[in-house]
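To start, the structure under review is shown below, and the notes come after it.
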Amino acid sequence: MAENNKRRGPWWKDRHEEKLALAKQGGWELVFLGDSITHGWERNGKSTWDKYYGARKAINLGFGGDRTEHVLWRLEHGEFDGYKPRVVVIMIGTNNTGHDMHPPEAIAAGIEKIVTTIKNKSPDTKILLLGIFPRGATTDDPKRVNNDKTNSLIRKIADGKQIVFLNINNNFLTENGELTKEIMPDLLHPKETGYAIWAEAIEPTLARLYDMK
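For the sequence shown, our numbering gives the first residue as 2, with consecutive numbering after it.
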């Protein structure tokens, strides 16, 4: 992994060091891996996190602003060492769209590398791969369209057993596909209500994977 795929900035370095220290403690059974949307479990989503994941030995490996290449760098530099979780929940890629409008094929390839890295490091871990969440107010928002195209590709990574793909995006949207500020005030990051929707939507699948031997 090229060193330039490591993100720079004091807060990012500090958070990486914090997660390395937690990884060394071991015993983590549930991992949430992603960008600022996952990072937000520690903010807007904290009460929902405590309710659903507080007793599940869960660690949050979400970093604001991360793209697929940054997540891969973190996996290859210690954040996934020292423990073998039951389940990893992945939701990543919207910053590849938002920052530089990477093509769906490139984003999907990056996500597949992340999945492969997890499988190689922890072959028995189940992976819940989530579709990239909706962004922008309407269905024709260019960034949402790019994410939707990516989702149609990453669906193919799943085998339905060790790797399960789940698209919960309709849970955030109105009947005509609009994303409202009541769910995501900036049309990208969920508020507390959005995190509750997220947790409720994935719980049946997550519980099944978490309890699977």
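Where a beta carbon is used, it is the ideal one built from N, C-alpha and C, also for glycine.
If you're wondering where the values come from, they're calculated on a predicted model, not measured in any experiment.
Residue(s) in a DSSP beta bridge with residue i
i: A59; result: L31
i: I164; result: I128
i: L180; result: L174
i: M92; result: G35
Cα-Cα separation between residue i and residue j, rounded to whole angstroms
i: A59; j: V32; result: 6 Å
i: P135; j: I169; result: 10 Å
i: P11; j: H17; result: 10 Å
i: G27; j: E80; result: 11 Å
i: K182; j: W29; result: 34 Å
i: D125; j: Q163; result: 8 Å
i: W42; j: G195; result: 10 Å
i: A197; j: L207; result: 14 Å
i: T221; j: L174; result: Here the chain comprises residues numbered 2 to 214, so residue 221 is not present and cannot be evaluated.
i: M217; j: K52; result: Because the chain is modelled from 2 through 214, residue 217 falls outside the range shown and cannot be assessed.
i: H71; j: L21; result: 15 Å
i: N61; j: K47; result: 11 Å
i: R8; j: P186; result: 26 Å
i: K150; j: M102; result: 12 Å
i: R145; j: Y54; result: 29 Å
i: P205; j: I184; result: 22 Å
i: L180; j: P143; result: 14 Å
i: D36; j: E176; result: 27 Å
i: I119; j: W13; result: 22 Å
i: I115; j: A107; result: 13 Å
i: D15; j: R209; result: 34 Å
Nonlocal neighbours in the same chain, by C-beta distance under 6 Å from residue i, ignoring five residues either side
i: L154; result: P105, A109
i: S123; result: K85
i: L189; result: R136
i: N172; result: I198, A202
i: G178; result: T140
Sub-8 Å separation of residue i and residue j beta-carbons
i: V89; j: L167; result: no
i: K127; j: R75; result: no
i: P191; j: I93; result: no
i: A200; j: T49; result: yes
Residues near residue i in its chain [Cβ-Cβ closer than 8 Å; skip 5 each side]
i: I203; result: V90, L129, L131, L167, I169
i: R57; result: E30, L31, Y211
Distance between beta carbons of residue j and residue i, contact taken as under 8 Å
i: T117; j: N147; result: Actually they do not touch by this definition, with Cβ atoms about 23 Å apart.
i: G66; j: N45; result: Contact doesn't hold; Cβ gap of about 17 Å is too wide.
i: H100; j: F64; result: Their Cβ separation, rounded to whole angstroms, is 14 Å, which puts H100 and F64 out of contact at 8 Å.
i: G83; j: A138; result: Their Cβ separation, rounded to whole angstroms, is 42 Å, which puts G83 and A138 out of contact at 8 Å.
i: E113; j: I158; result: 5 Å
i: N121; j: I133; result: Contact flag wrong, Cβ pair sits at about 23 Å.
Check: residue i C-beta below 7 Å from any heavy atom of the ligand NAP
i: E77; result: This structure lacks the ligand NAP; in fact it carries no ligand of any kind.
7 Å Cβ shell around residue i - same chain, five flanking residues per side excluded
i: M2; result: Confidence is the limiting factor: at M2 the pLDDT is only 40, short of 50, which leaves the residue's position unreliable and the question unanswerable from this model.
i: G161; result: none
i: R156; result: F166
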